[in-house]
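Residue numbers for the sequence shown follow the UniProt record's numbering, so the first one is 1 and each next one is one higher.
Idealized CB from N, CA, C, for every residue including glycine.
What you are looking at is a predicted structure, and each value in this text was computed from that prediction instead of being measured.
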Amino acid sequence: MENESSRYLIRLLGKFRKSPRRHTHILAKDLLPWLRGKPATSSSENTKKKWFPTIRSKKHPDNHNIQDNGLAPVLLQWWKALLDSLQYAIADCSVIYETLVEIVAREEFSEFDFIEEKCPPTGDLCNTGQQAIYQVLLAQTLQFAIRKVDGTATQPGTVIFCAHMLAICFFKIPGFAVWLLQALPVERRMLKRMAADLLEDSGASYISNASALEHLRNAVPAHLHLLMVYNRCNIPRIPVSRGNDRQYTFKCFNNERTVIKATKHFFSRWQTSDRALYILFYQRYHTYLQSYIAKIPKASLIPSIRQRNAILAASPAYLHLAAYMANRVSALLQKENPNADLLVSIGEPTSNNGSRTPLESYYSSVYQQQHTKPRSIDAATRRYAYCLAWCSFEVNGDLFQDMINVWIRCIARDVRWPDAKGIYCLIDFIDIFIGELQRNCKAPPNFFTHRLDLPFLLDTVQLVLHKSDSPIAHMRTLAFISNNFELLTPRPDLLDLMCNHILLQPFFFERLALHWHTGVQSYYLAILFWHIRPLWSKKPVKWLETGDGCDGRCCQEAWSRHIDDREEQGKRNRDQCALESHIKLETLFLSFQQQHQRIKSALIGLETRQQREDALRRIDHQEADSSCISIQSELRWFDPETDWSDGGSGRSSSSTIAAPAIAAEFDNCKRRRSSQSIRFSTLRRLSFVKQQQQQQEPSSPLPPSPPHSHPSTPLPEAATCEYYAAALTSRDSTRSPSLPDLHISRRSSHTLSLTSATFRSSSTTSVSSSSSDKPIPTHIRAVTEWQYAPTRQLYANKAIACLAAIGDEGKRTPKAPPLTVDWLVAWNQPRF
1 MENESSRYLI RLLGKFRKSP RRHTHILAKD LLPWLRGKPA TSSSENTKKK WFPTIRSKKH
61 PDNHNIQDNG LAPVLLQWWK ALLDSLQYAI ADCSVIYETL VEIVAREEFS EFDFIEEKCP
121 PTGDLCNTGQ QAIYQVLLAQ TLQFAIRKVD GTATQPGTVI FCAHMLAICF FKIPGFAVWL
181 LQALPVERRM LKRMAADLLE DSGASYISNA SALEHLRNAV PAHLHLLMVY NRCNIPRIPV
241 SRGNDRQYTF KCFNNERTVI KATKHFFSRW QTSDRALYIL FYQRYHTYLQ SYIAKIPKAS
301 LIPSIRQRNA ILAASPAYLH LAAYMANRVS ALLQKENPNA DLLVSIGEPT SNNGSRTPLE
361 SYYSSVYQQQ HTKPRSIDAA TRRYAYCLAW CSFEVNGDLF QDMINVWIRC IARDVRWPDA
421 KGIYCLIDFI DIFIGELQRN CKAPPNFFTH RLDLPFLLDT VQLVLHKSDS PIAHMRTLAF
481 ISNNFELLTP RPDLLDLMCN HILLQPFFFE RLALHWHTGV QSYYLAILFW HIRPLWSKKP
541 VKWLETGDGC DGRCCQEAWS RHIDDREEQG KRNRDQCALE SHIKLETLFL SFQQQHQRIK
601 SALIGLETRQ QREDALRRID HQEADSSCIS IQSELRWFDP ETDWSDGGSG RSSSSTIAAP
661 AIAAEFDNCK RRRSSQSIRF STLRRLSFVK QQQQQQEPSS PLPPSPPHSH PSTPLPEAAT
721 CEYYAAALTS RDSTRSPSLP DLHISRRSSH TLSLTSATFR SSSTTSVSSS SSDKPIPTHI
781 RAVTEWQYAP TRQLYANKAI ACLAAIGDEG KRTPKAPPLT VDWLVAWNQP RF
């Protein structure tokens, strides 16, 4: 079979040399299809085993004949012929470039990379000549690729060819990897952050194992071992070269020297990471790295994500390149690109003479003049998003799939929460990134449900809504929630976190529904109308005081009614969460509307502004009712350990819901990690959890971060939030790390915590007035006790107008309209 392939390639080479005008036709029609469809062959008996066992046994006496390969000499002749043709090529050389890349990347030459530089005197001279010819051609091809992009103007095909050659020679030429890395300075803190993310406890212990480390070292050439990271303490320091014009001397096998030179034009393209050269190199680097890691025995059978991440961290220079990419994306999101600062000012918004603003103005900025995002930032953001998504899914296997979560976590932790532009760019990057995963990449159907770190995204959303004071950041975050609501809440636990502990938490309801900015109000109320209101399919929440909707009885009856034990557990949990969200939203609306009418009636007849302010102060100092609506004592939160295991016949004395099976693993994962500093807050990682892991003994929770003040609304003490921790209490009174207390109203003594509380009903519609008091989730009790401050009546009036506009739009539109936030220019001095 090899002889037939060799004869075919030799005949084709003869035609190529005799017909210079038919070079492109011969390559495109004959050679390229053969190279792409023909697997690598070798005369060695171990070739069928990917020649890895041959590499491991370098001391075997037969290894001196390792290059006894029938195809390698012919491919070397083709390689030299193609390089010669490039010297005189005038037309487009893209076909020649593709053919060269296919030849250089063939596995027939991979064995040459593992041969020692000094060959014993008894070595085969013929094979030694092939090794020398291979290295000389490799150096010449690399020099040609660098010289082609080392100019002021280049063609796209040339840049792609150079990226391929840089990635290939990164692994094949000794010392060339360090030469490239010296031009890519990386902040030490980003390296440590990414190393801590990739080398967790189980992953670090796996890679420190002698057999696993030996397999990895044998899978890559020996000159790359100095760039491997085995633990967090041995991250190699690569000296940074400050010069623009540098040269690298490559020592070939026959002691000849080939000098590779590059000037400032090449390094300018190489160091500008949002340009095509580095992004294309980074993609090809993943492709060739995967081919080396595939040589590890049973590499595709590694079950743990942490172990796969540890292999990536230990791979040559992977940590450095990934940290550099994350560092550059973070710099772009903070608008450190000077080309992205070309902004112009806009004028005053026009007035509509006091008429009610149409609905379109609620779904957009109040500015009449809209400006799109600067092209330089938008193009670079999309290039980065496509590159990271491509590296995660286009490469075969699932080795790099979790790097999506690693990149997002490292980038998000570098954002300063008071920076509105940085938050806008971060949310926009995540939105574009998810869009790339959905449209252009081969993401598996269950990726967004099980592999994407959705709890971290929701925690980031909660942090933005809490820490940021900018309406632009709030609007962009709310638009991200609305446009990706189904993707962010595929599981009942995530739906519970999104609805019951973020959007419907009284603290955020008061802050967003009564926000001073009309756009934030409209976006938040639109999410409630289009996404949370229809969750419980029986009857929607009554949107306005006059209108159709739930009367407050059917939902309470459904809460108290027995759940069929034959129903699927996942659907049962989701229905329970939807019902709880329905009750909370209904209670918040009833409390808001009743208080609005009460304050509005108290202001009737007051003509002057001073009179109205005095009346509001008197109402504010009056003692408010402890609750606006009473929940019947029959309402209960089902305990799956008793209700579902007993077939639903028994009643539990406790109304707490047991944490889902994945909760304990998230708890253990969080306790193993120390809080990560983000300059102003703490983000906690909640990924890499498998339901098959056993629950560990709980430990003391991490201390909360210091409080962050706000001029008008009392804020939480911290912003971290776990979906499993909020409103979940285990049956043995062992608590997960708690959600910080959120002071809902300054006139209410109640604060939100995780302890289960007993609430005595004062309802007159109870089925049994003599029924014993039953504890209900504390976050529901917080809803029943919420009231907004009377001094915010002006914003409540705006919210009522917005409710009416959204309700009118809902009658005409069956689907939720997409929410967009344009890039506003007047960042520092907004006028609304």
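Buried versus exposed call for residue i [16 or more other C-beta atoms within 10 Å across all chains shown]
i	result
GLY422	buried
SER468	buried
VAL186	buried
LYS172	buried
PRO506	buried
HIS517	buried
PRO156	exposed
THR813	exposed
LYS811	exposed
VAL406	buried
TYR97	buried
Cβ shell of residue i (< 6 Å), same chain only, five flanking positions each side left out
i	result
VAL95	THR24, LEU27 and ALA28
ARG792	LEU514
GLN271	ALA183
CYS555	HIS582 and ILE583
LYS148	THR158
VAL229	ILE235, ALA313, ALA314 and LEU319
Neighbourhood of residue i by C-beta, 8 Å cutoff - its chain only, sequence neighbours within 5 removed
i	result
VAL415	SER330, LEU333, GLN334, GLY422, ILE423, LEU426 and ILE678
CYS391	TYR282, GLN283, HIS286, PHE400 and MET403
GLU102	LEU32, LEU35 and ARG36
LEU457	ILE408, ILE430 and LEU488
TRP79	LEU100, ILE103, VAL104, LEU137 and THR141
THR608	none
ARG476	ILE423, TYR424, ILE427, ASP428 and VAL821
VAL520	PRO471, HIS474, MET475, LEU478 and LEU512
When the options are compared against residue i, the one with the closest alpha-carbon
i	options	result
PRO817	HIS596, TYR523 and ASN797	TYR523
PHE109	ALA132, ILE434, PHE16 and GLN87	ALA132
SER85	ALA72, PHE16 and ILE103	PHE16
VAL395	HIS466, TYR292 and ALA222	TYR292
ASP197	LEU181, ALA310 and PHE161	ALA310
ALA314	ASP575, CYS233, ILE260 and GLN77	CYS233
PRO534	ASP575, GLN521, TRP516 and THR518	ASP575
PHE176	LEU224, PHE456 and THR152	LEU224
PHE509	PRO490, ARG308, LYS542 and GLN462	GLN462
HIS531	SER482, ARG511, SER537 and ALA322	SER482
THR263	LEU544, PHE480, ALA145 and HIS215	ALA145
LEU388	CYS162, TYR278 and MET475	TYR278
ALA195	THR477, PRO73 and ALA323	ALA323
TYR318	HIS450, PRO540, VAL220 and VAL259	VAL220
HIS450	LEU9, GLY70, PRO492 and ARG7	PRO492
ARG106	VAL74, GLN521, LEU504 and MET190	VAL74
GLN307	PHE267, GLY129, LEU216 and PHE393	LEU216
GLY129	THR820, ALA72, SER537 and GLY807	ALA72
LEU227	TRP179, LYS261, HIS265 and VAL259	TRP179
PHE433	LYS298, TRP417, PRO418 and LEU452	LEU452
Residues near residue i in its chain [Cβ-Cβ closer than 7 Å; skip 5 each side]
i	result
ALA602	ALA615 and ILE619
LEU454	LEU488 and LEU494
TYR134	LEU76, PHE109 and PHE112
Boundaries (first-last residue) of the alpha helix (DSSP H) holding residue i
i	result
LYS188	Per the sequence shown, residue 188 should be read as Arg rather than Lys. Note, ARG188: alpha helix (DSSP H), 188–198.
ASN231	No alpha helix (DSSP H) holds ASN231; DSSP gives it neither H nor E.
SER330	318–333
TRP407	403–412
SER392	375–393
GLY519	518–527
ASP493	492–498
TYR282	276–293
GLU613	609–621
SER94	94–104
LYS539	Counting along the chain, LYS539 falls outside any alpha helix (DSSP H), and DSSP gives it neither H nor E.
residue 858	No answer is possible for residue 858: the residues shown for the chain start at 1 and end at 832.
ILE168	156–172
Inter-stretch contact at 8 Å, needing at least 3 Cβ pairs: the segment 131–151 / the segment 167–182: yes
The segment 783–802 / the segment 590–598 touching (three or more Cβ pairs under 8 Å): yes
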